[in-house]
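Every letter in the sequence shown is one number past the one before it in full-length UniProt numbering, and letter 349, counting from 1, is 349. Working notes, beginning with the structure itself.
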Amino acid sequence: MTHKVWPAKPRRKEHAKQVRRLPVCHPSHQTTILHAATAPKTVFSPSSIKAPQCPPPACHNSQPKPRTISASHKQHKSKTSQAFAPSQTAPHCHLRLRAMELALVGNPSNGVAKPSCNSVGSLPVVSSNAVIHPPVTSAAGATLGRHLARRLVQIGATDVFAVPGDFNLTLLDYLIAEPGLKLIGCCNELNAGYAADGYARARGVGACAVTFTVGGLSVLNAIAGAYSENLPVICIVGGPNSNDYGTNRILHHTIGLPDFSQELRCFQTITCYQAVINNLDDAHEQIDTAIATALRESKPVYISVGCNLAGLSHPTFSREPVPLFISPRLSNKANLEHAVEAAADFLNKAVKPVMVGGPKIRVAKAKKAFAGIAESSGYPFAVMPSAKGLVPEHHPRFIGTYWGAVSTTFCAEIVESADAYLFAGPIFNDYSSVGYSLLLKREKAVIVQPDRVVVGNGPAFGCILMTEFLDALAKRLDRNTTAYDNYRRIFIPDREPPNGQPDEPLRVNILFKHIKELLSGDTAIIAETGDSWFNCQKLRLPEGCGYEFQMQYGSIGWSVGATLGYAQAAKDKRVISCIGDGSFQMTAQDVSTMLRCGQKSIIFLINNGGYTIEVEIHDGPYNVIKNWDYTGLIDAIHNSDGNCWTKKVRTEEELIEAIATATGAKKDCLCFIEIIVHKDDTSKELLEWGSRVSAANSRPPNPQ
1 MTHKVWPAKP RRKEHAKQVR RLPVCHPSHQ TTILHAATAP KTVFSPSSIK
51 APQCPPPACH NSQPKPRTIS ASHKQHKSKT SQAFAPSQTA PHCHLRLRAM
101 ELALVGNPSN GVAKPSCNSV GSLPVVSSNA VIHPPVTSAA GATLGRHLAR
151 RLVQIGATDV FAVPGDFNLT LLDYLIAEPG LKLIGCCNEL NAGYAADGYA
201 RARGVGACAV TFTVGGLSVL NAIAGAYSEN LPVICIVGGP NSNDYGTNRI
251 LHHTIGLPDF SQELRCFQTI TCYQAVINNL DDAHEQIDTA IATALRESKP
301 VYISVGCNLA GLSHPTFSRE PVPLFISPRL SNKANLEHAV EAAADFLNKA
351 VKPVMVGGPK IRVAKAKKAF AGIAESSGYP FAVMPSAKGL VPEHHPRFIG
401 TYWGAVSTTF CAEIVESADA YLFAGPIFND YSSVGYSLLL KREKAVIVQP
451 DRVVVGNGPA FGCILMTEFL DALAKRLDRN TTAYDNYRRI FIPDREPPNG
501 QPDEPLRVNI LFKHIKELLS GDTAIIAETG DSWFNCQKLR LPEGCGYEFQ
551 MQYGSIGWSV GATLGYAQAA KDKRVISCIG DGSFQMTAQD VSTMLRCGQK
601 SIIFLINNGG YTIEVEIHDG PYNVIKNWDY TGLIDAIHNS DGNCWTKKVR
651 TEEELIEAIA TATGAKKDCL CFIEIIVHKD DTSKELLEWG SRVSAANSRP
701 PNPQ
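And the structure:
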């Protein structure tokens, strides 16, 4: 709703000390807005503007259409004329609005109202003495900020991880005011992005809010990780004032150029949709399109909102917006039938077929469909490392993690000796293939992606949804348990590591033996990049137990923010995080945010003096870090504010006691347990994986 300007008498001296500044919130100019704290009935206009006085009630009831002027200079004369059309404004208000328009210098027909003063470094204002009544928000509260906040609640992102900055402060006010939405302040933008990543893993969508450029470029790494992991994250940035676009002015928080697009260009390659909102006419459409695209593509999106627009109303907004509707995706029925027929014929001819679940099962929302075909077919099934937690590990025919040379015991032998394998949603990269060393043959594989199926070396079928394909294929497969019978013949259970002697230094395999006993349907594991990848892969997850790690992107330090976000989204689970000391030093600050949110996660900080995973790929003095007093650091962060308990552990006996306390007397606290281990204490899987990845990294150039 547009604001009204009232001509009146000169300012009274008795009100001079009661004037306070309010935020600029009109899109067509940058006039400083003043308002009397005592709300006197008379509001004063510039003395240079002479117009007949208009009775307030008539103008308040007329509710003219708001005038919005795009800083992109794309509005035409017709839109500008409509803002002052007689049919939209009471006749007696006409002269006053026209007088205000004439106070602006330039050519209003091109949609740009230029200020009377355009000197370098000066604020463009109509008059230094102007006092303009702030726009009145409609009773329904239908503003841009309210619309965006309401949309977040509707899609399930009821927590927004934010770092305040001067460009997003007004927008944050509207996020805070929205019922059902909680704003969580983080220590830095990177952790806010990691938290939105973890939140999206548990809730299905996450959101973060930062300020222009300094915040946007800081959160960039986390958004890139969410993109690589196929997570819908709504990244909201408070942008410049809409009037500053195209003015050739240089703003703070930029790289010192009058071009404001540097942040946008950075986000274009790591988001599936970008919306720059610097006018109200298409704000509703851009917000809804961005959110719908994120959910449909399961990728992050970027929404920049001009800092002066969040509090403005527009006819396209409503207090209770129409629920966001995304058209369901459907398979091409003919392609689906041909693909099912080809795959069923291929697999039914095999003697010992197997199944392997990949990380894109999450994108396709095919967890139930994969479990269904595993049950009906009789095939043994494994999981790729990046898909752990997406398939039912409590199922009797689950045979472990397929990860080439570092697979779960006897799993690789069964998968690689099969004469046919069904891969659902795989990603084959250098890490998941252990330096491209998998012993698989394409002609034996049926590869099912979220919208595509390839049978052997061909044919390939497009426009097919994974869920519909797996459901239909399950009805056409002959039951075959041959490969599983072979697995049972060769399988020998892994031996438990021997217990430590009294006062013997704690070993990593002993630690994970006790972590395994903590797992239940009410817990979730967060595994940081490093040796925790390999140790956590060997944990057999009970039904309902969550599991997350960042396999594709592998950003060291991800787990601290991800623990914050996951725990905030899945409050019915207790999160157990396994974090290396090198990773923790990257992002340690937001343990304080966990305390502010009252979270009760258990963090096992594995202190081995450096970047162990880097050591096994290529060693050097740069992999050694300064040792911290980690429990002392957390105690300092705690500062007697919140529920927190810390413990430093060096032996198995101390570990048992610490776990008993964390699950007993301190079960409602954030528990931080520092594990002191030898710098060379690593899993055998990391040793093997590191040497193979090192060999892949050091391949000489191909002959030219």
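Yeah, the Cβ is synthetic: ideal placement off N, Cα and C, and Gly gets one too. As the structure is a computational prediction, the values presented were derived from the model and not from experiment.
Comparing alpha-carbon positions, the option among F428, D430, N429, I399 lying closest to V415 turns out to be I399. With 16 or more other Cβ atoms inside 10 Å of its own Cβ, P240 counts as buried. Cβ-Cβ distances below 8 Å link N221 to L190, G193, S555 in the same chain, with the five nearest sequence neighbours on each side left out; the list follows chain order.
Within the region 592-647, complete beta strand (DSSP E) segments of at least 3 residues are found at 602-607, given in chain order. Within the model, the alpha-carbon separation for R151 versus C208 is close to 14 Å. The shortest CA-to-CA distance from I184 to any of L564, H253, R296 is the one to L564. Annotated three-state conformation of M355 is strand, per DSSP.
Contact check for A524 and A570: beta-carbon distance about 6 Å, within the 8 Å limit, so the pair qualifies. Within the same chain, and ignoring the five residues on either side of A224 in sequence, the residues whose Cβ sits closer than 6 Å to its Cβ are I270. Note that the C-beta distance between G557 and T593 is not below 9 Å.
For R574, the uninterrupted beta strand (DSSP E) segment begins and ends at 574-580. Per DSSP, S304 is not a residue of any alpha helix (DSSP H); the beta strand (DSSP E) it occupies stretches across 301-306. Beta-bridge partners assigned by DSSP to F461: V453. The DSSP-derived three-state label of L422 is strand. A382 is bridged by DSSP to V356.
Here DSSP, grouped into helix, strand and coil, assigns L670 to strand. When only Cα atoms are considered, A177 and S298 end up about 28 Å apart. DSSP places F428 outside both helix and strand once states are collapsed to three, so it counts as coil.
The residue among E468, F461, Y402, F260 with its C-alpha nearest the C-alpha of I373 is E468. Within the same chain, Cβ atoms closer than 8 Å to the Cβ of S691 are found at E616, the five residues on either side in sequence being excluded. Looking from the CA of E393, the closest CA among G378, N429, A527, G544 belongs to G544.
Between G238 and the set R489, I291, P164, the nearest pair of CA atoms involves P164. Taking 8 Å as the upper bound for CB-CB distance, F423 and A445 are in contact here, some 6 Å apart. DSSP, read as helix, strand or coil, puts Q704 in coil.
About 6 Å separates the beta carbon of K600 from that of L670, a gap short enough to meet the 8 Å contact definition. DSSP places G145 outside any beta strand (DSSP E); the residue lies instead in the alpha helix (DSSP H), whose first and last residues are 144-155. The straight-line gap separating the alpha-carbon atoms of G632 and S432 is approximately 37 Å. Using a Cβ-Cβ distance cut-off of 8 Å, the region 323-338 and the region 252-268 are not in contact, since fewer than three pairs of beta carbons, one from each stretch, lie closer than that value. Nearest to I236 by alpha-carbon distance, out of C272, N243, V301, L295, is V301.
Taking each of S407, L511, F212 in turn and checking the Cα distance to K684, the smallest one comes out for S407. Going by DSSP, C235 is part of the beta strand (DSSP E) stretching over 233-239.
Under DSSP, F161 forms a beta bridge with I184, C208. Around the C-beta of L605, 16 or more other C-beta atoms lie within 10 Å, and the residue is accordingly described as buried. DSSP places I287 within a helical segment (H, G or I) once states are collapsed to three.
Unbroken beta strand (DSSP E) stretches of 3 residues or longer found wholly inside the region 466-534: 523-527, given in chain order. A straight line joining the alpha-carbon of A665 with that of I515 spans about 18 Å.
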